Structure formats: structure tokens, C-alpha cells
Amino acid sequence: MEGRGAPRNEVRGGDGVQNNQNQGCTFKDFKNCGAPIWDGTGGATGCMRWVEEIEAIISRSNCTYEQRVNYASGMFKVDALEWWNAEVDARGRDVALDMPWPEFVELLKGKYCPSYELQKVQREFTYLQMEDGDYMGYISQFNAMARLVPHLVTPEPRRIEKFVNGLHPQVRRMVSHIMPTTMTEAIDRTGNVAEELIRCGELKKKEAGSKREIGESSGVKKGNGYDDRKAKRGRAMAAAEPDRRSY
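Shown next, in the form of C-alpha cells:
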């Protein structure tokens, strides 16, 4: 789905109108900036994580206010695309694409963040903890959930306290020695402390894959697990057996 004509020079922002002739980009440029595709899965946190990633791309790509909904909805597929097509049919294409960005986000939340999902997020957020050295995963999860339950992290000192309390105990002790006064400071200090502990071998950094995932990709089951020896024997016998063709 390509943009509709040349971008306007007058770009409306949240604080008013700004004139900037350098604003605007093509849909191809928008995608090349790393715009994430979303299929409507992942529940409320999946939805808000996609919104955060898209908003980062919007800022980085310099797309105009008028291009935001058009380009962002161009990254939908499967369930999300079906839902958006239904909205376009109901509202009319021009009205849907001219929708203000905050209204578009609220529309998404109305579909993918129902009350029962928000209650689930609130329970999970209460017990959210950083796992070993995966501080990036914790930060991402914290921000996605906090956006859905703002009453639990307002004002900012409450947000900082909740964030610090969820850190790995070794990281928390060092970060809270002098309590951060801003979230930016808390996140920066968490990253520095966690990386140092990982470098010293005190924490383990999360790997891309796990042994369990690799082990389950092949093999023959043995009780509740897999017997690799049986799997290897089976492959060896299959390789040794001649190809029986009729000539």
C-alpha cells in the first residue's frame, strides 16, 4: 500500500503545526527503516509492543503525520489485515487513512486489548521479573505492559520503583544503591550494570536458541524425552538400505 501523493510540507504534531519541507518518505523507505509486520497475535502486550516499534520507525523515517496510518496499516497481515480491511470498508478509505494517530492507536487497543486481556496484563505486570542477564527483554516487556496499565506506574517515581524492584537481585542492589531519579537513568544504569555482571560471569546472557529447542527438533521419544541413539540408528539404517526400484 503506497502513500497517497506527495507529502505535505505542513506537518501536524502533537504540540501543533510545524513547517518542515524535509519531512516525508516513501512506503519503501518506511519499510527499509525496519517497520515490523504484525499479524494480530501476541495479545495486548504484542499489540502495544508493535505500536512502540512502529512509532520508533515513524520518528526515524520522517514520514509525515498524514502518512502514519497509511504506512503503519500497510504492515498488517493475516488477522490484523482482515480487521483493518473491515474498518476501512465501514469508515471509507479516505476517512480511515486520515484518522489521527492517537485515534488509530485507541482503535487498535479496543480490538486487541479488551478488559479481560488488561486484567491478565495487570496480574503479570505485578510479578514481572528480570530473568538472569536478559535485561533487554525485561525492559521491552516492562515498557509494553506499563503502557497498558499506566495507573500502576504513575507518577514517574512509582514507575522507577516498580522497574527497579523487578530487576535481577544482583542488578537491583547496584542500581538502587543510589536510586535513579528518571526512567532514562534507571534504564541506562541497568544496562551498564547487567553488561558488567555478564562480562564477569555473574549473569548469563540470553542466547538466541536453547538446548531444549534444538533437542526437540529431532530424535525418538524415550519416556518424556528423546533418545538420540535410537534416532541415529534409524537414520543409519535408512541410509544403508538400498533404493528398491523396479527396472
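Numbering (numbering that gives the first Met the number 0) for the sequence shown: 0 to 246. In this text, a Cβ means the ideal position worked out from N, Cα and C, and glycines have one as well. Just so we're clear, the structure is a prediction, and the values are computed from it rather than from any experiment.
Those runs of the alpha helix (DSSP H) which lie wholly inside the segment 148-212 and span at least 4 residues: 155-164, 168-174, 182-198
In angstroms with no decimal places, state the Cα-to-Cα distance between residue 108 and residue 156. The residue given as residue 108 occupies position 109 in the sequence shown. The residue given as residue 156 occupies position 157 in the sequence shown. For residue 108 and residue 156, the distance between alpha carbons rounds to 26 Å.
Can the beta-carbon of residue 147 be found less than 9 Å from the beta-carbon of residue 117? The count along the sequence shown starts at 1 and reaches residue 147 at position 148. The count along the sequence shown starts at 1 and reaches residue 117 at position 118. With contacts defined as CB atoms closer than 9 Å, residue 147 and residue 117 qualify as a contacting pair.
Ignoring anything shorter than 4 residues, give me the alpha helix (DSSP H) runs that lie fully in the segment 28-52, in order along the chain. none
How long is the line joining the alpha carbons of residue 74 and residue 193, rounded to whole angstroms? The residue labelled residue 74 in the question sits at position 75 within the sequence shown. The residue labelled residue 193 in the question sits at position 194 within the sequence shown. So the alpha carbons of these two residues sit roughly 34 Å apart.
Residue 179, buried or exposed, once every other Cβ within 10 Å from all chains shown has been counted against 16: For the purposes of this step, residue 179 is identified with residue 180 of the sequence shown, where counting begins at 1. The residue in question, residue 179, is buried, as its Cβ has 16 or more Cβ neighbours within 10 Å.
When burial is assigned at 16 or more other CB atoms within 10 Å of the CB, is residue 66 buried or exposed? If you number the sequence shown from 1, residue 66 lands on position 67. Buried is the call here.
How about the segment 68-82 and the segment 115-132: do they share at least three Cβ pairs that are nearer than 8 Å? With a cut-off of 8 Å, the segment 115-132 and the segment 68-82 do not count as touching, because too few Cβ pairs lie within range.
Based on Cα-Cα distance, which residue from 186, 140, 133, 35 lies nearest to residue 248? Because residue 248 is not part of the residues shown, which for the chain are 0 to 246, the question remains open.
Measuring CB atoms only, is the segment 45-62 touching the segment 26-33, in the sense that at least three cross pairs come out at less than 8 Å? yes
For the alpha helix (DSSP H) containing residue 63, name the first residue and the last one. Within the sequence shown, residue 63 is the residue found at index 64, counting from 1. Residue 63 -> no alpha helix (DSSP H), and no H or E assigned at all.
Rounded to whole angstroms, what's the CA-CA distance from residue 80 to residue 131? Just pull it up for me. Taking the first residue of the sequence shown as 1, we reach residue 80 at position 81. Taking the first residue of the sequence shown as 1, we reach residue 131 at position 132. So the alpha carbons of these two residues sit roughly 37 Å apart.
Going by C-alpha to C-alpha distance, which of 93, 105, 88, 38 sits closest to residue 78? Walking along the sequence shown from the start, residue 78 turns up at place 79. By alpha-carbon distance to residue 78, the top candidate from 93, 105, 88, 38 is 38.
For residue 16, is the classification buried or exposed, using 16 other Cβ atoms within 10 angstroms of its Cβ as the cut-off for buried? Translated into the one-based positions of the sequence shown, residue 16 becomes position 17. Because residue 16 carries a pLDDT of 32, less than 50, the predicted location of this residue cannot be relied on, and the following value inherits that uncertainty. With a threshold of 16 other beta carbon atoms within 10 Å, residue 16 falls short and is exposed.
Identify, in the order they occur along the chain, each residue of the same chain with its Cβ nearer than 8 Å to the Cβ of residue 158, setting aside the five sequence neighbours on each side. As a first step, residue 158 is located in the sequence shown; it is residue number 159 there, counting from the start. 145, 152, 182, listed in sequence order.
Find out if the Cβ-Cβ distance for the pair residue 169, residue 127 is shorter than 9 Å. Mapped onto the sequence shown, residue 169 falls at position 170. Mapped onto the sequence shown, residue 127 falls at position 128. Going by C-beta atoms, residue 169 is not nearer than 9 Å to residue 127.
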